[in-house]
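Read through the structure below, which is laid out as structure tokens, and then see the notes.
2 protein chains.
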Amino acid sequence: MSFRVWAPRAKELSIVVSGKAHKATAEAKGYFKAEPPPEGSEYLLRIDGRDLPDPRSRFQPKGIHGPSQYVAKSFDWNDENFRAPPLSAAVIYELHVGTFTPEGTLTAAAERLPHLVELGVTHVELLPLATFPGRWGWGYDGVALFAPHPTYGTPADVKRFVASCHAHGLAVLIDVVYNHLGPDGNYLGEYGHYFTKRYNTPWGAAVNLDDAHSDEVRSFFIDNALMWIEEYHFDGLRLDAVHALYDESALHVLQELSAAVHALEPKLGRPIVVIAESDQNNPRLVRPPEVGGYGLDAQWSDDFHHALHAALTGETNGYYSDFGLVEHIARALTDGFVYAGEYSPFRERRHGQPLGDVSGHKLLGYLQNHDQIGNRARGERIGHLCSEGLARIGAALVFVSPFVPMLFQGEEWGASAPFQYFTDHQNPELADAVRKGRREEFRQFGWDPEQIPDPQDEATFKRSQLDWAEKDRAPHRERLAFYRGLAQLRRESPELLDGRRDLVDVSFDEGKRWLRVQRGRVTLLANLGGDSVDLPAPAGELQLSFPEAAPKQSGANITLEGESVYIFRA
Amino acid sequence: MSFRVWAPRAKELSIVVSGKAHKATAEAKGYFKAEPPPEGSEYLLRIDGRDLPDPRSRFQPKGIHGPSQYVAKSFDWNDENFRAPPLSAAVIYELHVGTFTPEGTLTAAAERLPHLVELGVTHVELLPLATFPGRWGWGYDGVALFAPHPTYGTPADVKRFVASCHAHGLAVLIDVVYNHLGPDGNYLGEYGHYFTKRYNTPWGAAVNLDDAHSDEVRSFFIDNALMWIEEYHFDGLRLDAVHALYDESALHVLQELSAAVHALEPKLGRPIVVIAESDQNNPRLVRPPEVGGYGLDAQWSDDFHHALHAALTGETNGYYSDFGLVEHIARALTDGFVYAGEYSPFRERRHGQPLGDVSGHKLLGYLQNHDQIGNRARGERIGHLCSEGLARIGAALVFVSPFVPMLFQGEEWGASAPFQYFTDHQNPELADAVRKGRREEFRQFGWDPEQIPDPQDEATFKRSQLDWAEKDRAPHRERLAFYRGLAQLRRESPELLDGRRDLVDVSFDEGKRWLRVQRGRVTLLANLGGDSVDLPAPAGELQLSFPEAAPKQSGANITLEGESVYIFRA
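As they're listed, the protein sequences go chains A and B.
According to numbering that gives the first Met the number 0, the first sequence holds residues 0 to 569 in order.
According to numbering that gives the first Met the number 0, the second sequence holds residues 0 to 569 in order.
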């Protein structure tokens, strides 16, 4: 087996094992070739006299600055017969390993899988695993993209987790960050032309996807994607913030990546999905290449989230200023993108393009996610910001939508734990900058800096961990039952699993703030206002509601209490 | 009639006519509205105490820093019946007003139109008309995009030129530069958010096409395009360097611009074309929107140019290092793009994507253009760099190609005038920087700075003007007859007007350096090598050749002299 390193910026490269340097042979295009280190051994790469971790390190047992470990790829898989369900029938669950359990490990997370099965989840989506600075963090500061974060577990632990999911009938997706690298421990620039100054991103120089030497950089990310699929048996990827992947070349890296991943399907005999986070409202991402698309399987729908959040909480700051009407929810349910060429006051420009015939199953619909919770000053979940009734309306709309529902860990029982912004930067200057930056960011919105949790404080991390004991207690127990009911109703109602947005029939009254969604035999009635309203009674039986009691009937009408939701099925 | 100015950065705006300021009324989104200045009057816009030219000035009689003139739009058109021929039957002629005639005016240029008709040209393409610094220049430093350069003529002169072209049966295209503005006299930033720091271009901050306030910036350029078409009766646009138009929004500005321009066609009752200069080899530009394209009508094919130039001159520096084989010419003729995903040594990355079923008529084919000549240290034309025979081979291949042929002014008679880089910057620092920059650029390639023409020297400009007397003298006369013959042969051979690249049959011998192109009844045989070669005689009669004499026949073979070309038609 050969060991190759791309290091065009290095004059010389050696592999250092147990203090002994083994010189690698220079090859064309900046590659160096050598005998691999012994399996299980720790090593560093010496480039021009400096000892650094391997850019493609499979494990960093001592963290981002420490030696790499040469890890065996063999694993005793037993999931030959597992096939992920299609996105059209999926319920996705965002899981952050560090806060999902008090232990913060993959092994501990695996013990909670029966809960997810019972809830009706089909796909677990792990927040990034790539090694990042310190012991805890969200994971979007990763720098060793091929190495699982050591406090979560070893590479074998990741494989055991995936195998355990598959044994429980659950597919597993992994969140990967290809648009930037973390500010600490990023040694890639020492090796090669991983970054370009052509484009400016919020994190500095952009990843080099179209400048000289970009072939190798693109391969770096695409090989990473393929590794998680092939070697770790993940069922798909969630690509972070693809709008920050600047690529003006004739083959967009997203199209190349999607094609490379899907090319594995016949070989592996199982379906793989690639899902993007994008703020562009651009249908090109999820259209097939035959019509000029990038061929991704789905993308997150922030418009649907923002429409729900603004209408339920009444918040109108920042990007929520583009939303707030019941009409925005209605538009999201039928059109997918609320902004499909319209002027966005927040962006101060027209935004998006119409989705046309793109299926609703190419959008993920969610009431909450790690970003929308965690990017708040204090990391509040929706239940901390509005009434139980309004939160239930939001959940019901997610499951009755034509989109692929996604939940954030603990949402199903209205977890009391926030999801705050926490870091464990070891570099004192960076730690200070992150702490100050966070305070400064929210000071602008009128926050008292004392009220902003210190991201570097371990208590901020601990506070964000789920308290599993509460899920069986009121009122969490009732919320959980409601979510289970929603997942079951969706699973058992073919019309709810239909992605055709043009069949979604929505009516609403902006003044009285009620909304009616008709999908085949299923009718959802929601009253977002505080006052009760009378509406014609839908056909069929009440399936789920909040409050639980059936609504009062008078003649052909029923009375919806304030902040209530009712789902009927004929 | 209303007069509106977009000036979101101005607190106040007045129109200053004859020293008197008339205050404009602020409207939504940064617009100001006022009574227009009297027709024909000169005016300035006073924003926050500073008097500046109008960003949409229709004429700058005293140059880029002077007052704007409010110009009448009426003109006595007499071209109702003119319809531009389709690109499939076009021969385009690049014309730089300043150097096309000794006078350097549109009026003088119009007198030469009979020559173009006789040559077989169908479309005149004017290098940029927008007002730029100084008296002469290429025009790519324009800053008043709505105002024709005053030394070329007035707005009425432009209309008279277009009308004259149409009266001669010639269509007229205009080269527009939307990717940057010139370094002197660019006041746009004082008015509004015309630039963004998101992207870095060779000219500094990029034009803002997707950031806040970009709607108005996009309108600025699109309205400019529409003005040339609607008010000036141009038949189309040539968009400069579209690869520097950075736009990550869901509707690329090229698609929006193309749609806006083509939407005029039913109203105007005549066809309009939009042609891009692009170095991306990206078929998306010329594919229709239905399959995810931007819907442009055509783009320049630098690959075909580079393949011809490198093979004919033997030059291998810079981007010519990717070319040089006869095979590259053959590949360009059949595939359009030579680099369609292959590794480009010059770019140090893979480049381009295959054109697939895109017609050859969506590419412009040329042996020379203003850029490829003028960007050389001394502005040499192809005839200055290779033998007459090789230059004729290049010309013949352009006209026998499946692409839309384009010539650069004077190419048709092998003009002795170079096309050097000339400027007339009035700002002394800028003049010095341009002079030094030019020398420095070529010093890197081993040039003696003394040999680099001074771009600020009037002699450099004058040297680049065509000498019309020479076209009727040997050897120019013969070259001109050859070009006329090529245009006529193309016009009269339906197979040459067929854009299907898959029907182009090319064979070649890299060692002996001959190339054979078969298109229906037409056969081109070219010998790029110095030694004679024997090839099977094609069917049909000799139509055109260099040298003129028919080749020697021996049995079924004919003998091609060194550096010769023969075109037969059965």
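Glycine included, every Cβ here is placed at the ideal spot set by N, Cα and C.
For A:Glu428, the uninterrupted alpha helix (DSSP H) segment begins and ends at 427-442.
Counting the other CB atoms within 10 Å of its CB gives A:Gly191 a total of 16 or more, which places it among the buried residues. With fewer than 16 other beta carbons inside 10 angstroms of its own, B:Ser73 counts as exposed. Here the alpha carbon of A:Phe194 sits roughly 19 Å from the alpha carbon of B:Phe345. Counting along the chain, the unbroken beta strand (DSSP E) around A:Leu94 starts and ends at 91-94. Looking at A:Arg134, A:Asp140, A:Thr130, A:Tyr139, the one whose alpha-carbon comes closest to that of A:Ala146 is A:Thr130.
Counting only Cβ-Cβ distances below 8 Å, B:Gln352 has contacts in chain A at Ala249, Leu250, in chain order.
Every alpha helix (DSSP H) stretch that sits fully inside the region 437-509 of chain B and reaches 4 residues is listed by chain position as 457-462, 475-491. At a cut-off of 9 Å between beta-carbon atoms, B:Gly203 makes no contact with chain A. Taking 9 Å as the CB threshold, A:Gly191 stays off the interface with chain B.
Flagged as an interface residue toward chain B: A:Asp210, by a C-beta distance shorter than 9 Å. Put simply, the CB of A:Glu347 is near chain B, with a gap under 9 Å to one of its CB atoms.
Assigned with DSSP and collapsed to three states, B:Asn223 falls in helix. A:Gly373 is outside the set of residues whose beta carbon lies under 9 Å from a beta carbon in chain B. At least 9 Å separates the beta-carbon of A:His251 from that of A:Val171. A:Thr195: not part of any alpha helix (DSSP H); member of the beta strand (DSSP E) spanning 194-200, first to last residue. DSSP places B:Lys19 in the strand class (E or B) of the three-state scheme. Using a Cβ distance threshold of 9 Å, A:Ala89 and A:Val403 count as a contacting pair.
Pairing A:Gly133 with A:Leu180 gives a Cβ-Cβ distance that is not under 9 Å. Our two residues, A:Thr312 and A:Leu406, have alpha carbons roughly 18 Å apart in a direct line.
Residues of chain B with a Cβ closer than 9 Å to the Cβ of A:Asp214 are, in chain order, Tyr342, Glu347, Arg348, Arg349. Taken residue by residue, none of the region 457-488 of chain B has a beta-carbon sitting less than 9 Å from a beta-carbon on chain A. Contact of A:Arg197 with chain B is assigned, a C-beta pair being separated by under 9 Å. Within chain A, the residues placing a beta-carbon under 8 Å from that of B:Asn280 are Ala249, ordered along the chain.
Under DSSP, B:Thr522 shares a beta bridge with B:Gln517, B:Phe567. For a Cβ distance threshold of 9 Å, nothing in chain A lies close to B:Arg8: the least Cβ distance comes to about 13 Å. A contact between stretches requires three or more CB pairs, one per stretch, nearer than 8 Å, and the region 328-337 of chain A meets this requirement with the region 499-514 of chain A.
In chain order, Glu289, Val290, Gly291 make up the part of chain A whose C-beta sits under 8 Å from the C-beta of B:Val290. Per DSSP, reduced to three states, the secondary structure at A:Ser386 is coil, with no helix or strand assignment. Using a Cβ-Cβ cut-off of 9 Å, B:His305 does not count as an interface residue toward chain A, since no Cβ of chain A sits closer than that to its own. DSSP, read as helix, strand or coil, puts B:Ala204 in strand.
Between the alpha carbons of A:Pro60 and A:Val157 lies a gap of roughly 14 Å. Between the region 251-260 of chain B and the region 215-222 of chain B there are three or more inter-stretch CB-CB distances shorter than 8 Å, so the stretches are counted as touching. In the structure shown, B:Tyr338 falls within a coil segment according to DSSP collapsed to helix, strand and coil. When DSSP states are grouped into helix, strand and coil, A:Ser544 belongs to the strand group. Taking the Cβ atoms as the reference, B:Ala486 lies roughly 7 Å from B:Phe398, within the contact range of under 8 Å.
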